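Asker: Our numbering puts the first residue of the sequence shown at 3, with every later residue one more than the last.
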Amino acid sequence: MTTDATMRAARLHATAPVVEQADVRVETPPPRDVGPAEVLIDVEACGLGALDLAVVTGSVPRRGELPLTLGREAAGTIARVGAEVVDWQPGDRIAVLPEQPCGACGYCRIGRENLCSDVRVSGIDRDGALATQMAVGADRLVPLPPDIAVHEAAIVPDTVGSASHAIKRAGLGEGSILTVFGLGGVGMHLLLLAKLAGAHVIGVDVDAVNLERAVAWGADAVIDASVDDPVLVVAELTDGGGDRAIEVAGSNTAADQAVRSVAPGGRVVLAGRTPQPLTTATIGRLAATEVEIVGSGSPTAQDVGELFDLVEVGHLDLGRSVTETVRLEDVPGTLGRLERRDGHPVRIVVTDLN
Ligand SMILES: [Zn+2]
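The following block contains the structure:
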């Protein structure tokens, strides 16, 4: 079977260092075969985020040729299933995991498929979800709980999932003091999930609207890094340093501050995807204080499934997470606004795809 010949998709034809100068078009792509182990999805919602911008500017490594259908995190309804697919039916409501790992390597076999070296990512290495329909491996779907709105479900596989994965990497517990550096889409969900875990949360950003929103979402304290040195303020607030810090600002400055903000024995999670090298405290100081620095990448299928469970039982409310919805036809202009952070979005989701 093939995809629908009347399909529309937001496609990248040429990258440019500034998003608005890149060639992104909403057009009808050539139909493609849907494999026997794949399903065809009517996409109903797809989030837009910083990694999409990195694809458009060419600053993220990418396998495969242009043009490329953009879009990483999505939710929708199964339209058709391939001949070998037995676990899913047309009409099932699902979210789509962006990564297609190999399924056979050592990492894949122990459930750390986010470390698979042969992974292909939707909207980066292969056609993504900013389209009326999308063909994807049947093993990359997560069922939606009955009551979740589809535009909220769409941001769970990547935005909320990345936050959840970083919290696990931080080893956060009841009463931990966590400093979150960067209060954008992932950072705000770090805040939500850390509060859910019983942690005290200090939020750091340079944007007054983001800081105000973090207070409204339950941050115990916020620091405007354009005014104050977060390392000094965290030390004052915590009597010497926090237990944990997570950096999602995507800047070397924030990563350095995160490392220096934790007390001896603390742990720092670097989750911002930036090509900059890490320059921070001396090796001697890190050795003496036994501060741990760990990375955090993409969420696993297990992370995402657990989040939908939390939504289903009412513990996790994503009602404030999507601050704007736009149509597929508006994607090229919206990418430019997202780069400028016009309107200070938590997450923008494309909803009018069909
Ligand atoms: Zn693998």
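C-beta: ideal position from N, C-alpha, C; glycine also.
Source: prediction; values computed, not measured.
Roughly how many angstroms lie between the CA atoms of Asp-222 and Ala-247, to the nearest whole one?
Answerer: 14 Å
Asker: For a test of your reading of the model: does the CB of Pro-103 fall under 7 Å from any non-hydrogen atom of ligand 1? Yes or no.
Answerer: yes
Asker: So, for Gly-252: in the same chain, excluding its five sequence neighbours on each side, which residues have a beta-carbon less than 8 Å away from its beta-carbon?
Answerer: Ala-52, Gly-184, Gly-274, Arg-275 and Thr-276
Asker: Spatial neighbours of Leu-117 within its chain, please: CB distance less than 6 Å, with the 5 preceding and 5 following residues excluded, ordered by chain position.
Answerer: Tyr-109
Asker: Write down the C-beta distance between Val-206 and Thr-240 rounded to the nearest angstrom, noting that I regard them as a contact closer than 8 Å.
Answerer: About 13 Å; that fails the 8 Å criterion.
Asker: Taking only the alpha-carbon atoms, compute the straight-line gap between Ile-285 and Ile-179 and give it to the nearest angstrom.
Answerer: 24 Å
Asker: Using only the alpha-carbon positions, how far apart do Gly-177 and Ala-201 sit?
Answerer: 5 Å
Asker: Per DSSP, what are the beta-bridge partners of Thr-71 in this structure?
Answerer: Arg-13
Asker: If I follow the unbroken beta strand (DSSP E) through Asp-25, where does it start and stop?
Answerer: 25 to 29
Asker: May I ask you to report which of helix, strand or coil DSSP gives Gln-91?
Answerer: DSSP places Gln-91 in coil when its eight states are reduced to three.
Asker: What are the start and end residues of the beta strand (DSSP E) that includes Glu-249?
Answerer: 244 to 249
Asker: Is Ala-85 near ligand 1, going by C-beta to nearest heavy atom under 7 Å?
Answerer: no
Asker: Can you find the residues in the same chain that come closer than 8 Å, C-beta to C-beta, to Gly-322, ignoring five residues on each side of it along the sequence?
Answerer: What sits at residue 322 in the sequence shown is Arg, not Gly. Answer for Arg-322: Trp-219 and Val-348, listed in chain order.
Asker: According to DSSP, is Ser-124 part of a helix, a strand, or is it coil?
Answerer: strand
Asker: Would a C-beta distance cut-off of 8 Å place Glu-326 and Val-152 closer than the cut-off?
Answerer: For the 8 Å CB-CB criterion, Glu-326 and Val-152 do not form a contact.
Asker: If you measure between the beta carbons of His-191 and Ser-298, is that distance less than 8 Å?
Answerer: no
Asker: In the DSSP output, what is Cys-48 paired with across the bridge?
Answerer: Looking at the DSSP output, Cys-48 sits in a beta bridge with Ala-76 and Val-352.
Asker: So, is Leu-146 buried or exposed, given that buried needs 16 or more other C-beta atoms within 10 angstroms?
Answerer: buried
Asker: Would DSSP call Gly-139 helix, strand or coil?
Answerer: strand
Asker: Below 7 Å, is the gap between the Cβ of Glu-176 and the nearest heavy atom of ligand 1?
Answerer: no
Asker: Taking 7 Å as the cut-off, is the CB of Asp-127 close to at least one heavy atom of ligand 1?
Answerer: Not a single heavy atom of ligand 1 lies less than 7 Å from the C-beta of Asp-127.
Asker: So, is Gly-78 buried or exposed, given that buried needs 16 or more other C-beta atoms within 10 angstroms?
Answerer: buried
Asker: Confirm the yes/no value for this check: CB of Cys-110, any heavy atom of ligand 1, distance under 7 Å.
Answerer: Flag set: Cβ of Cys-110 near ligand 1.
Asker: Confirm the yes/no value for this check: CB of Ala-106, any heavy atom of ligand 1, distance under 7 Å.
Answerer: yes
Asker: Straight-line CA distance for Val-83 to Trp-90?
Answerer: 7 Å
Asker: Taking the CB atoms as reference points, tell me whether Gly-243 and Val-229 lie closer together than 8 Å.
Answerer: no
Asker: Residue ranges of each alpha helix (DSSP H) run of no fewer than 4 residues wholly in the stretch 251 to 281, ordered along the chain?
Answerer: 254 to 263
Asker: How is the beta strand (DSSP E) around Val-224 delimited, first residue to last?
Answerer: 223 to 226
Asker: In whole angstroms, what separates the C-alpha of Asp-94 from that of Gly-267?
Answerer: Looking at the two C-alpha atoms, the distance is approximately 47 Å.
Asker: Have a look at Pro-38, Ala-303, Leu-355 and Thr-282 and flag the residue whose alpha-carbon is nearest the alpha-carbon of Val-357.
Answerer: Lying before the first or after the last residue shown, residue 357 is absent from the chain, which here runs from 3 to 356.
Asker: Roughly how many angstroms lie between the CA atoms of Ala-172 and Thr-8, to the nearest whole one?
Answerer: 46 Å
Asker: Using the Cβ count rule (16 or more neighbours within 10 Å means buried), how would you classify Leu-280?
Answerer: With fewer than 16 neighbouring CB atoms inside 10 Å of its own CB, Leu-280 falls in the exposed class.
Asker: For the beta strand (DSSP E) containing Gly-184, list its first residue and its last residue.
Answerer: Looking at the DSSP string, Gly-184 is not in any beta strand (DSSP E), and its letter there is neither H nor E.
Asker: Please classify Pro-301 as buried or exposed, where buried requires at least 16 neighbouring CB atoms within 10 angstroms.
Answerer: buried
Asker: Taking the straight line between their C-alpha atoms, what separation do you get for Ala-24 and Glu-341?
Answerer: Cα to Cα, the separation comes out at about 12 Å.
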